[in-house]
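Numbers 160 to 739, taken from the numbering used here, label the letters of the sequence shown in order.
Reviewing the structure listed below.
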Amino acid sequence: MLFSTLAENLARMEETTKRLELTSIMVDIFKEVSQDQIAHIVYLLQGKVRPDYEGVEVGVAEKIIMHAIAKSSGTSQATIQARYVETGDLGQAASLILEKKSQTTLFAQEVTVDRVYNTILKMAQVGGSRSQDMKIKYISSLLNDASPTEARFILKILLGSMRLGVAENTIMDALAEAYTGDRKNRPLLEEAYNVSSDLGRVAKTTAKDGLGGLESFSITPFSPIRPMLAERIRTEKDALDKMGTGFAAEYKLDGERVQIHVADGRVEVFSRKLERITEYYPDVIEAMPEISKSNNIILEAEAVPVNADTGEFLPFQNIMRRRRKHGLAKAVADYPVLVNFFDVLYVDGQSFLDETYDKRRQMLQYVIKEGGMAHLVPMMRIEAEVDIVEFMESSVNAGCEGLMIKSKDSIYRAGSRGSQWLKLKQDYQKGIGDSLDLVVIGAFHGKGRRAGTYGTLLLATYDSAEDMFLSICKVGSGFKDEDLDTLYQTLGDKILAKKDLRVNSIMEADVWFAPELVIEVVAAEITRSPIHTTGKADNDSGFALRFPRFTGRIRTDKSAEEASTVEEILALYGGQAKTT
């Protein structure tokens, strides 16, 4: 496929405000592209060239892009900068500059999808002292042969600023319709994606072999599994009402959820967002041969930072010190972790996803050698409300957040959130709860002391059924000056020219963002509201948070789709009503 064909369709996608039309355009693209190119198309639609877990970073610095535009167009850096300031979009600035290019390059090569993809992949893999020069060379070679529209989208991919409102679920809808004739088949694609975390591979298999080909997908070391998630409950009684008796309760720790893969003498660590984070845990990598009796295994654990002197649990934020560009060795020494194992997904070639919780726990107890940094998450069988009350008290006294409640018969449902796993935090029992994880969808300019930054943020819940983000509150309290500075910088590359297609908000923000960043808030209560869309049906009011406050915690470990859901808000509102 020529890249011009893709670029023209991307321009159409950029213009539409309708989800169905967006999906329809993707269906057209998928039907036209060859089976061998479909994976490349899917990656590029997501602004990437490989699945996240491979750690291949596409992002290129604006400075390098501007040098490449100058080299290709013969335009001065000052003119490029002026155009950039004028448009607010470097891709658009390049498009305008290239429109005025006096002549077409002689012997220009065709710009195909494969050429763009392979060039970007080369750039992502280049390193060393001459990497900057090589990247400028690669980019300018594409721009020399590209039309203004092609150039705009090539640069948007490189800058990580595609922002088309295209989510994984939307892509799978389009793939199901294009290759199976019915988007109702999406759950079958989703099952394959949940165990592979590679949407490009799912697309290629579906295109070549149809639904039958998806049966070949199975859990494999070094391809992370999308994590199973839990519903929120407010009280011990809620757990008994949903589970009956005879279920399991585990301590809920405040750490980083990690997936540890071991095979062929190699160890890799992945985050709950499926990113490869092995380099941040050299101590864990070194210890794994002594921790696991199996050398071919996939485990889930909570890595919790502890005080190096006392061994006491430390807040989650301390583990993020390992993510800084410099000083990893010091951070590892100053903030050691305890690795608290709570699940096993694969052992010696056998998937444990379809085994019950009880069987997985038995295997976990067998395969993990406790001691040093390795521990099993404490677990108790619950037969009565008094058991869960006592175990909650024990958890909190140990420095934990609360409890995870798990059905003893539950299988591991990768990528799903359901009532087989429940989470009960001590603070959920006060008002609506200590924390809601909400998605930043917009902002309002600050005034007075907050001039030059954002005064308040517009937040949303996630509607998993519709794959939409629904507004629930504006939050302006709880922010320190450094928080405002950090958020202003972090949100800078998420700014959109218009509201994202996956956002439903009656309220009009000064600035709209791609729904990606999750922050933690607390609030006094949930109220009905005519101006927010969470839980809103037809002419009914929606729901809003009363007196929301930022806790200081940016949930970099969570994807937007892991934010608090509409269903959770409705359940909390119902529980709140019972206690007032």
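Glycine residues also receive a C-beta, built at the ideal position from the N, C-alpha and C atoms.
This one's a predicted model, so the numbers in the text were calculated from it and none came from an experiment.
- Counting only the Cα atoms, Met479 lies some 22 angstroms from Pro674.
- In the three-state scheme derived from DSSP, where H, G and I count as helix and E and B as strand, Phe162 is classed as helix.
- Distance from the CA of Gln579 to the CA of Gly605, rounded to the nearest whole angstrom, comes to 43 angstroms.
- Less than 8 angstroms separates the beta-carbon of Ile541 from that of Thr404.
- The C-beta separation of Ser700 from Ser718 comes to about 29 angstroms, leaving the pair out of contact by the 8 angstroms criterion.
- Across the set Gln205, Met447, Ser300 and Glu269, the C-alpha of Gln205 shows the shortest separation from the C-alpha of Glu327.
- Around the C-beta of His226, 16 or more other C-beta atoms lie within 10 Å, and the residue is accordingly described as buried.
- Each residue's CA atom was taken as its position, placing Ser451 and Lys528 some 6 angstroms apart.
- Fewer than three pairs of CB atoms, one per stretch, sit closer than 8 angstroms, so the segment 437 to 454 makes no contact with the segment 362 to 382.
- Around the beta carbon of Phe638, a 10 Å sphere encloses 16 or more other beta carbons of the protein chains shown; the residue is thus reported as buried.
- In the DSSP annotation of this structure, the continuous segment of the alpha helix (DSSP H) that includes Tyr243 starts and ends at Gln236 to Thr246.
- Per DSSP, reduced to three states, the secondary structure at Thr365 is helical.
- Secondary structure of Lys396 (DSSP, three-state): helix.
- Pairing Asp187 with Gly324, the inter-Cα distance amounts to about 17 angstroms.
- Put simply, the backbone Cα of Val598 is about 13 angstroms away from that of Ser623.
- By DSSP's assignment, Asp622 forms a beta bridge with Met627.
- Assignment of Asn466 by DSSP, reduced to helix, strand and coil, places it in the coil class.
- Counting along the chain, Ala602 sits inside the beta strand (DSSP E) bounded by residues Leu595 to His604.
- One thing to note: Val275 has its Cβ within 8 angstroms of the Cβ of Ile313.
- Taken atom to atom, the span from the alpha-carbon of Ala389 to that of Gln240 is near 48 angstroms.
- Excluding the 5 residues flanking it on each side, Lys565 has same chain C-beta neighbours closer than 6 angstroms at Ala407, Tyr516 and Trp580, in chain order.
- Less than 8 angstroms divides the Cβ of Glu434 from the Cβ of Asp211.
- Closest option to Val417, judged by alpha-carbon separation, among Asn499, Glu445 and Ala488: Asn499.
- Beta-bridge partners assigned by DSSP to Ser688: Gly701.
- Ala683 sits close to Phe706, with the two beta carbons spaced by under 8 angstroms.
- The Cβ atoms of Met551 and Glu409 do not sit closer than 8 angstroms to each other.
- Comparing alpha carbon positions, the residue from Glu726, Ala619 and His199 closest to Leu676 is Ala619.
- With fewer than 16 other Cβ atoms from the protein chains shown falling within 10 Å of its own Cβ, Gln476 counts as exposed.
- In the same chain as Gln284, and ignoring 5 residues on each side of it, the C-beta atoms closer than 8 angstroms to its own belong to Val215, in chain order.
- Across the structure, Leu523 and Phe501 are spaced so that their CA atoms are roughly 8 angstroms apart.
- Comparing alpha-carbon positions, the option among Gly611, Ile631 and Lys657 lying closest to Leu646 turns out to be Gly611.
- Scanning its chain for C-beta atoms nearer than 6 angstroms, with the 5 sequence neighbours on each side dropped, one finds around Glu395 the residues Glu544, Ile547 and Val548, in chain order.
- Cβ-Cβ distances below 7 angstroms link Gly635 to Gly614 and Thr615 in the same chain, with the five nearest sequence neighbours on each side left out; the list follows chain order.
- When the five nearest sequence neighbours on each side are left out, the beta carbons in the same chain lying within less than 6 angstroms of the beta carbon of Arg576 are those of Leu388, in order along the chain.
- Scanning the segment 184 to 228 for uninterrupted alpha helix (DSSP H) segments of 4 residues or longer gives 197 to 204, listed from N- to C-terminal end.
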